[in-house]
Structures are given as C-alpha cells and as structure tokens.
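Visitor: Take this structure, written in structure tokens, and hold onto it; I'll ask about it next.
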Amino acid sequence: MMESTLHEAAEAYIEHLRSQGKTERTLYTYNKDLQQIEAFFGAERKLTSILVPHVGKFFKSDALLKMPNGKERAKPTVDKTKRVLRMFLIWAKETGRIDKLPLPKGTRMGRSVKKGDKNNDEHSRQSAPTPAQA
1 MMESTLHEAA EAYIEHLRSQ GKTERTLYTY NKDLQQIEAF FGAERKLTSI
51 LVPHVGKFFK SDALLKMPNG KERAKPTVDK TKRVLRMFLI WAKETGRIDK
101 LPLPKGTRMG RSVKKGDKNN DEHSRQSAPT PAQA
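The sequence shown: position 57 = 57 (the UniProt record's numbering), numbered continuously.
Right, here's the structure in full:
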C-alpha cells in the first residue's frame with residue numbers, strides 16, 4: 001500500500017481529475033473542498049490514519065457546517081463537500097492508498113459507486129463496528 005499524507009493524496013487526486021478532463025472551475029472548487037478537509041484533519045496526517053469516527057466527526061463539525069464568520073453553510077455546499085470527500089476516499093481506495101473506506105454508516109454512496117460494485121458491498125459490510133470497536 002502506498003503511504004501518503006492527506007495533502008499528497010489530495011494533490012494526486014486533483015491531478016487525476018485534471019487528466020479526466022475536468023474543467024478548471026471544477027478543479028478549483030474541489031481543491032477548495034479538499035483544503036477545508038485538510039484544515040480539519042491536518043495536511044500532514046497519514047491518509048491511512050483517517051477512520052470512520054474521524055470522518056463522522058468532520059460531518060458534524062463546525063468546520064464543515066459553518067463558515068469562518070459563524071454563519072451556517074448552505075446545505076448544498078455542505079453536501080458537495082461531503083461528496084468530494086467521499087469521491088476522494090473511493091479514489092484513494094481504488095488506487096491502493098487506503099484499504100477500507102472510512103465512511104460512516106448511512107453515507108450516501110451516490111453515482112460514483114455502482115450497484116453491485118464490490119466496493120459498495122464492502123462499504124456496507126465494514127460500516128458495522130467490529131466487536132473490538134463496540
């Protein structure tokens with residue numbers, strides 16, 4: 001498995017999106033979302049150390065739900081940031097940067113994971129806490 005920091009993986013993900021022909025506007029907005037994610041988790045944090053409870057905390061955090069001035073972020077904005085994180089983590093798993101998707105149970109998988117895809121099935125299985133986690 002390729003050990004990388006959140007920042008290194010985020011940069012590689014943006015390059016992947018660029019190679020897929022994403023527009024500059026999309027790259028800019030995804031980069032902004034990833035910067036917000038890095039600010040919460042820490043840019044130098046090892047990607048493999050981000051676990052389900054950490055992502056769950058981010059999904060409930062003021063870092064995601066509020067703007068720097070304290071006002072609530074719009075739901076579509078929050079949903080987009082969650083979607084970017086989800087797609088980034090799926091990409092990280094597909095490219096061997098992480099072994100398991102650290103997404104909380106009930107995280108909507110969206111279109112990037114097809115029905116019957118082993119990643120999707122794996123996600124639903126791994127979401128339940130193991131006896132050691134309970």
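Backbone N, C-alpha and C define an ideal beta-carbon position, used for all residues, glycine too.
Small disclaimer: the values here were computed from a predicted structure and weren't measured.
If we count Cβ pairs, one from each stretch, closer than 8 angstroms, do we get three or more for the stretch 45 to 63 versus the stretch 96 to 109?
Guide: Verdict: yes, contact present.
Visitor: Between the alpha carbons of P76 and D33, how many angstroms are there, rounded?
Guide: Residue numbering aside, residue 76 sits at position 76 when the sequence shown is read from its first letter. Residue numbering aside, residue 33 sits at position 33 when the sequence shown is read from its first letter. Those two C-alpha atoms are separated by around 13 angstroms.
Visitor: In this structure, does DSSP put K66 in helix, strand or coil?
Guide: Stepping through the sequence shown from its first residue, residue 66 is reached at position 66. Note: K66 maps to strand in three-state DSSP.
Visitor: Closer than 7 angstroms by C-beta to S4: which residues in its own chain qualify, once you throw out the five before and the five after it? Chain order, please.
Guide: The residue labelled residue 4 in the question sits at position 4 within the sequence shown. Excluding positions up to five away in sequence, the list reads L47, R97.
Visitor: For the alpha helix (DSSP H) containing G56, list its first residue and its last residue.
Guide: On the sequence shown, residue 56 is found 56 positions in, with the first residue counted as 1. Looking at the DSSP string, the run of the alpha helix (DSSP H) that includes G56 is 52 to 60.
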